[in-house]
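Take a look at the structure below.
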Amino acid sequence: MSLHCSQDYPLREWAKDSVDEWLAELLRHEGRGDFVQDICAGCDSGAPRYRCEDCWDPRFYCEDCTRRRHRRNPFHRLKTWQYGRLRRATLKDLGLRIQLGHAYGDACPNPQKAFGDSFVVIDTSSLHEVGLDFCACTSAYPKHVQLLQSRLLPATRIDPKTASTFRLMEHYHLLHNQSKVSGYEFYNTLARRTNNTGSEEQKDRYVSFMRTARMWFHLKLLKRFGRGNDPGGVQSTKPGSCAVLCPACPHPGKNLPLDWATAPPERSWLYRLFVGLDANFRLKRRDVSSDLVDPGLNRGYAYFVEEHAYRTYLNMYDKDQHEDQSTCNSHNAVKLANMRGGERMAASGVGTVECVRHDMKRPSSVGDLQKGERYVNMDYLFASSLCKSEVVQVVVSYDIACQWSVNLWSRMTQYDFEFNQEQRTIIFLIPKFHLPAHQESCQIKYSYNYVKHVGRTDGEAVERGWAAVNGFSGSTKEMGPGSRRDVLDDAFGDYNWRKVVQLPKTLLQRVKNAGEERSKFALELRELTESTDAVRIAEWTTQVEAWENGSDYNPFEATFHPTTLASVRRALAEEDAAAIEANELTHRLHDEVTPSVMILAGIEVEEAQYVIRRQNNLRVRISAWREYQDLYMPAVSRLRLQNTPSGIIQPEDMSLYLPSSVVNNPSVPTYRALEVIEGRLRHAQANDALDQLRRHLRARSQLYNTKKRDVRGQRYNTRSQTYINIRENRP
């Protein structure tokens with residue numbers, strides 16, 4: 025017997041038993057349905073020819089009743105019954121006029137038709153050609169004001185012919201940020217709702233719609249941040265003042281106690297600011313239009329920096345800045361980024377500084393990148409973001425912090441910034457996901473796990489934030505500079521607002537998780553403490569507390585370091601020198617080449633055999649080395665003659681007969697001293713190879729992650745893969 029009922033599979037049951045019934049009801053709406061009367065449903069006298077597609081009432085009405093019933097709903101869609109079928113009709117065809125400038129129902133003594141009596145209103149249902157009259161009385165408001173007072177957003181100020189309803193703008197604004205739909209696709213959806221057959225020519229209002237959308241985005245931004253209530257008007261708006269701030273970050277004068285600046289160390293860490301830097305190479309822009317033609321409306325009011333000041337700075341310092349030579353694996357990802365498309369691209373991406381504790385964009389902290397992720401761009405964004413904050417303790421997260429932070433302050437002194445880094449305590453760290461790609465020294469010095477008072481911050485919030493805006497890359501890539509900045513500013517604002525709405529739930533969940541994790545790790549710590557010597561515990565505690573208070577000794581750094589080939593070579597040289605000085609090097613058979621030098625040279629020749637570049641040079645090196653080998657291992661010369669094959673042998677295939685390869689050969693005596701030397705060198709050689717392999721794997725992982733995250737298009741994927749292949753094949 026089955027334990028499932030029909031409610032467990034509703035779609036399957038519907039497809040089995042209900043499709044025909046539901047389809048019949050849909051077809052009923054294509055005709056007159058249950059309405060079979062021959063007189064109007066409203067006046068019981070007129071001919072019932074019209075039905076509204078947007079009204080709840082599906083009955084048919086006469087022309088007069090339809091017109092009268094829609095004076096309050098002039099943007100409804102009509103159907104008329106003609107020749108046994110429904111056809112499209114408009115309220116303008118029925119003589120309905122929309123009067124502006126007066127209260128509803130009041131007649132205007134001096135109405136003036138819209139220009140050419142051809143006015144189009146774009147609403148959520150479709151595009152409506154309406155009969156619209158302006159008020160031309162002596163005390164009348166301008167035409168665009170009359171439209172705005174009627175909740176219609178005109179596309180122009182002078183003789184407007186197109187307007188969008190506030191309802192449409194609100195709908196598109198939310199849909200645009202939620203689904204990333206482009207204005208072109210949205211407008212064409214409305215056009216198809218108006219007429220999906222292509223049988224009628226429609227007036228193209230796409231440009232007008234996009235203009236009203238940009239105006240709406242900008243007006244809503246100004247309205248939300250009180251710019252309409254400022255006596256100075258919009259022109260007095262300061263850079264960054266229209267950004268949605270992170271309510272959980274420290275804001276002096278807003279959410280901090282009065283004594284926050286003088287708080288003792290055991291409490292001052294509560295007022296730390298956590299920021300992160302990153303670049304996004306999907307949000308690029310083609311070299312179309314210009315700031316002169318499309319300057320934008322926001323002008324630095326929100327998240328993008330003010331463009332004129334930014335360009336002035338780049339023109340002044342761009343050519344003077346040179347990237348530092350990298351000593352870390354991860355910096356290769358930046359080289360890969362700098363390879364990405366500058367040709368025919370006005371912007372190769374955007375850089376940003378944002379809150380990494382709560383994942384929110386910061387005011388005046390986003391800017392275009394011209395040639396990849398360069399210091400000159402990121403320095404400006406970093407300074408622009410922090411100069412607006414009075415917080416003195418800052419934790420900065422950046423995936424190349426190990427390289428970028430080295431000469432940051434010396435670069436800052438060259439710029440004309442009021443940064444005052446001497447008055448701040450700034451800690452540079454690397455995000456946790458990116459950290460394994462760095463070399464070991466970076467993993468210790470820049471790890472979140474080894475820094476006090478950072479909680480479980482991972483520093484990767486910037487990366488997560490890009491996923492919410494990457495959907496705009498397709499449409500913004502083709503925009504002019506100002507349009508693109510305005511759209512992305514609006515997208516960042518919407519993203520921040522959604523974060524604010526979710527913040528109570530997010531913080532509550534974090535508190536719950538922190539409580540559970542604290543109990544678990546407190547138990548583990550207690551068990552470890554009870555099972556470990558008290559003296560050892562006290563020693564560890566002292567070391568960790570000293571490190572957290574600024575001690576140079578890092579207890580988290582490994583005290584055991586594998587032997588390297590360079591260290592063994594140096595030790596052997598010192599041992600040989602000491603033995604020669606004491607006249608104890610009894611087995612020395614050459615004035616300049618000691619046994620250790622001979623073995624080391626043999627290992628180097630062996631490595632050279634794997635890298636075949638210059639065969640003649642390698643052959644000469646092998647011949648020279650064999651002369652020294654014959655001095656210290658004379659039995660090998662006879663073995664070499666016995667095993668020499670006929671014909672020409674390539675140098676990379678020549679056997680060297682080092683001590684380890686002849687240890688089990690009965691015809692060769694034991695060279696114990698040489699075996700010990702080779703063993704030490706082989707052990708160090710293996711450690712070097714493992715270290716090099718680890719660094720290579722970290723670098724490769726970082727390069728592939730960067731390529732996967734940022735590179736799009738066949739051309740740039742090919743270029744990036746070529747760069748990765750070059751590094752893969754590098755010896």
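In case it helps, the working numbering puts the sequence shown at residues 25 to 755. Where is the CB? At the ideal position from N, CA and C, for every residue including glycine.
Cutting at 7 angstroms between CB atoms, please list the residues of its own chain near L624, excluding the five before and the five after it.
Once the five neighbours on either side are set aside, the close Cβ partners of L624 are R593 and L705.
Compare the beta carbon distance of A492 and Y519 with 9 angstroms and say whether it is the shorter of the two.
Contact annotation: A492 and Y519 have beta-carbon atoms nearer than 9 angstroms.
What is the DSSP secondary structure of V414, reduced to helix, strand or coil?
The amino acid occupying residue 414 in the given sequence is Glu; Val does not appear at that position. Correct three-state label for E414: coil.
A164 to R92 span [Cα, whole Å]
In this model, A164 and R92 are separated by some 26 angstroms (Cα to Cα).
Three-state secondary structure assigned by DSSP to S188:
In the structure shown, S188 sits in a strand (DSSP, three-state: E or B).
How is the beta strand (DSSP E) around T104 delimited, first residue to last?
Residues L102 to Q106.
Would you identify the three-state DSSP class for Y470, choosing helix, strand or coil?
Here Y470 carries a coil assignment [DSSP, helix/strand/coil].
So if DSSP puts R111 in a beta bridge, which residue, or which two residues, is it bridged to?
Answer by DSSP bridge pairing, in chain order: T104.
Using the C-alpha atoms, what's the distance from A602 back to P586?
Looking at the two C-alpha atoms, the distance is approximately 24 angstroms.
State the Cα-Cα distance for the pair E290 and A237, rounded to the nearest angstrom.
Looking at the two C-alpha atoms, the distance is approximately 51 angstroms.
Leaving out the 5 sequence neighbours to the left and right, which residues in its chain are closer than 8 angstroms to L663 when beta-carbon positions are compared?
Counting only residues of its own chain and dropping the five nearest sequence neighbours on each side, L663 has a CB closer than 8 angstroms to the CB of Y681, V686, N689, S691 and V692.
Report yes if the CB atom of V377 is closer than 9 angstroms to the CB atom of L301, and no otherwise.
Yes. Within cutoff.
Stretch pair the region 147-160 + the region 115-123: three plus CB contacts closer than 8 angstroms
A contact is defined here as three or more CB-CB pairs under 8 angstroms, and the region 147-160 meets this definition with respect to the region 115-123.
Assign A34 to one of three DSSP states: helix, strand, or coil.
A quick correction: the sequence has Pro, not Ala, at residue 34. Assigned with DSSP and collapsed to three states, P34 falls in helix.
What does the Cβ neighbour count give for S223, buried or exposed, with the cut at 16 atoms within 10 Å?
By the 10 Å Cβ count, S223 comes out exposed.
Those residues which DSSP pairs with Q157 across a bridge:
Residue identity differs from the one stated: residue 157 is Asp in this sequence, not Gln. Note: D157 sits in a beta bridge opposite Q123 and K137.
To the nearest angstrom, report how far apart R36 and H53 are at their CA atoms.
Distance between R36 and H53, taken at the CA atoms: about 25 angstroms.
Work out the CA separation of S409 and S389 for me, nearest whole Å.
Cα atoms of S389 and S409: separation of roughly 5 angstroms, rounded to the nearest angstrom.
List the residues that DSSP assigns as beta-bridge partners of Y422.
Per DSSP, L301.
Helix or strand or just coil, what does DSSP make of G207?
Here DSSP, grouped into helix, strand and coil, assigns G207 to helix.
C-beta contact flag for L110 and T90 at 9 angstroms:
No, these two residues do not count as a Cβ contact at 9 angstroms.
What is the DSSP secondary structure of Y74, reduced to helix, strand or coil?
It is a strand residue.
So P263 and Y325 are in contact, right, with Cβ under 8 angstroms, and what is the actual spacing, rounded?
Contact between P263 and Y325 holds: CB atoms are separated by about 7 angstroms, below the 8 angstroms threshold.
How big is the Cα-Cα spacing for S314 and R101?
Spanning the two alpha carbons is a distance of roughly 41 angstroms.
Three-state secondary structure assigned by DSSP to T376
In the structure shown, T376 sits in a strand (DSSP, three-state: E or B).
Relative to the C-alpha of E5, which candidate in L655, A659, A590 and Y470 has its C-alpha closest?
A query on residue 5 cannot be resolved here, the shown segment of the chain reaching from 25 to 755 and no further.
Assign G498 to one of two classes, buried (16 or more other C-beta atoms within 10 Å of its C-beta) or exposed (fewer than that).
It counts as exposed.
Ordered along the chain, which non-local residues of its own chain (more than five positions away) have a Cβ less than 8 angstroms from that of N219?
Answer for N219: R112 and Q226, listed in chain order.
Answer with buried or exposed for N667, where buried requires no fewer than 16 other C-beta atoms within 10 angstroms of its C-beta.
So N667 counts as exposed.
Can you tell me whether I672 is buried or exposed, with buried defined as 16 or more other CB within 10 angstroms of its CB?
Classified as exposed, I672 has fewer than 16 neighbouring CB atoms from the shown chains inside 10 Å of its CB.
Who does Q178 pair with in a DSSP beta bridge?
Reading off the sequence, residue 178 comes out as Pro, not Gln. Bridge pairing for P178: A187 [DSSP].
What does DSSP give as the partner residue(s) for Y85 in the beta ladder?
Residue pairing by DSSP puts Y85 in a beta bridge opposite Y74.
Over what stretch of residues does the alpha helix (DSSP H) that includes F545 continue unbroken?
Unbroken alpha helix (DSSP H) run through F545: P505 to E554.
Taking all protein chains shown into account, do 16 or more other C-beta atoms lie within 10 angstroms of the C-beta of T189, making it buried, or fewer, making it exposed?
T189 should be labelled buried.
Report all residues from its chain with a CB closer than 6 angstroms to the CB of D147; omit the five preceding and five following residues, and keep chain order.
Excluding positions up to five away in sequence, the list reads F99, T189 and L192.
Anyone know if the C-beta pair for V420 and V568 falls short of 9 angstroms?
No, they are not a contact pair.
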